[in-house]
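Here the structure comes first, spelled out in structure tokens, and everything after it is commentary.
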């Protein structure tokens, strides 16, 4: 905001003519202004406030004072009625004398302080015969109430701590159950491989003379997969298939050597999404490593193809 805008708003602020938004905007701009501009605005507002030409020469209506005081008294009574329950909280000291008692003790002073046109509205809070309920209760009752409050607070803290501890152990048990499930699935897979292959399948998988043949799909709409593990040292080979369901669509594994001889052409007995098939040891493993591996569907089309030697075709 520029200096001229600040001065214009300062004059309106001195007369009390700014609304809530303009007053807030003017205050923020005033604090961001330089010290010289702030001093200039203060001097301007001081001149406006002390200038008698801005004062009105008209006298207000005499009844305005009475109406104003009556409105203030009614507002005080309404607020007192709303805040009466809060005022009764805690210990109460000796109540001050009411307006009626003050006037009866000193009528002259009451007449001077109260104009004839001003109605006197006094407020006397409701009390139980002038006694505070907390003070009227016995010491044993107050001690019992205090102990009950302390006991409930302690019980709340203990329950909160128990909930936190239970939540921690619940999370820990959940993580451990996931690990146990993974280990169980791994153990089931190993047992299935032992049944399909042999108890020494680990030595077969990690043999340094092993060759892995990954099958590639020849059709973009086919979602199955397979991999062949061949031990060229003469320990045979086995095939693992994924996503081949033989009940609806039987598949055939065909192995063709480099000279065109088909050494294996049989239907795959897959009965699940994952299946491991051990090939007979009658086939030379070194020839299998150079052979062409094909998986055909029931129409005779090749859906998966692999050649461990890398020479397809």
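Numbering (the working numbering), first residue to last: 292 to 604. Quick reminder that beta carbons are idealized off the backbone N, C-alpha and C, glycines included.
Next item on the list: With DSSP collapsed to three states, give me the class of residue 508.
Entry: strand
Notebook entry, point to check: Is residue 555 helix, strand or coil by DSSP?
Noted result: strand
Notebook entry, point to check: Is it true that the CB of residue 545 sits closer than 8 Å to the CB of residue 585?
Noted result: yes
Next item on the list: With DSSP as the reference, label residue 444 as helix, strand or coil.
Entry: helix
Note to self: So, does the stretch 514 to 531 touch the stretch 574 to 591, judging by three or more C-beta pairs under 8 Å?
What the structure shows: yes
Next item on the list: Would you mind stating whether residue 292 and residue 320 have Cβ atoms separated by less than 8 Å?
Entry: yes
Next item on the list: Would you mind working out which of 512, 541, 498, 513 sits nearest residue 521, comparing C-alpha positions?
Entry: 498
Margin query: Quick check: the Cα distance between residue 473 and residue 446, rounded to an integer number of angstroms?
Written below: 41 Å
Check: Among 435, 377, 373, 306, which residue has its Cα nearest to the Cα of residue 336?
Finding: 306
Item checked: Contiguous alpha helix (DSSP H) assignments of at least 4 residues, all confined to the stretch 292 to 352 -> 294 to 305, 311 to 323, 326 to 341
Note to self: For the ligand NAP, I want to know if residue 317 counts as a neighbour, meaning its beta carbon is within less than 7 Å of at least one of the ligand's heavy atoms.
What the structure shows: No copy of the ligand NAP occurs in the structure displayed, which carries no ligand at all.
Next item on the list: Specify the secondary structure class of residue 578 as computed by DSSP and reduced to three states.
Entry: helix
Item checked: Of the residues 351, 598, 317, the one placed nearest residue 582, counting alpha carbons only -> 598
Notebook entry, point to check: Where DSSP assigns a beta bridge to residue 527, which residues make up the other side?
Noted result: 522
Checklist line | Opposing strand residues paired with residue 501 [DSSP bridges] | finding: 522
Next item on the list: Go ahead and pull the three-state DSSP assignment for residue 533.
Entry: strand
Notebook entry, point to check: Residues in its own chain within less than 7 Å of residue 332 by CB, not counting five upstream and five downstream?
Noted result: 297, 298, 301, 321
Check: Looking only at its own chain, which residues have a Cβ that is under 8 Å from the Cβ of residue 593, when we skip the five neighbours before and after it?
Finding: 509, 585, 586, 587
Notebook entry, point to check: When the distance is taken between beta carbons, is residue 568 closer than 8 Å to residue 535?
Noted result: no
Checklist line | Cross-strand partners of residue 543 (DSSP beta bridge) | finding: 558, 587
Notebook entry, point to check: Got a sec? Which residues, its chain only, sit under 8 Å from residue 341 by beta carbon, not counting five neighbours each side?
Noted result: none
Check: Taking the beta strand (DSSP E) that residue 595 falls in, what are its first and last residues?
Finding: 593 to 597
Check: Is residue 528 near residue 570, with beta carbons less than 8 Å apart?
Finding: yes
Item checked: Assigned exposure category for residue 317 - 16 Cβ within 10 Å defines buried -> buried
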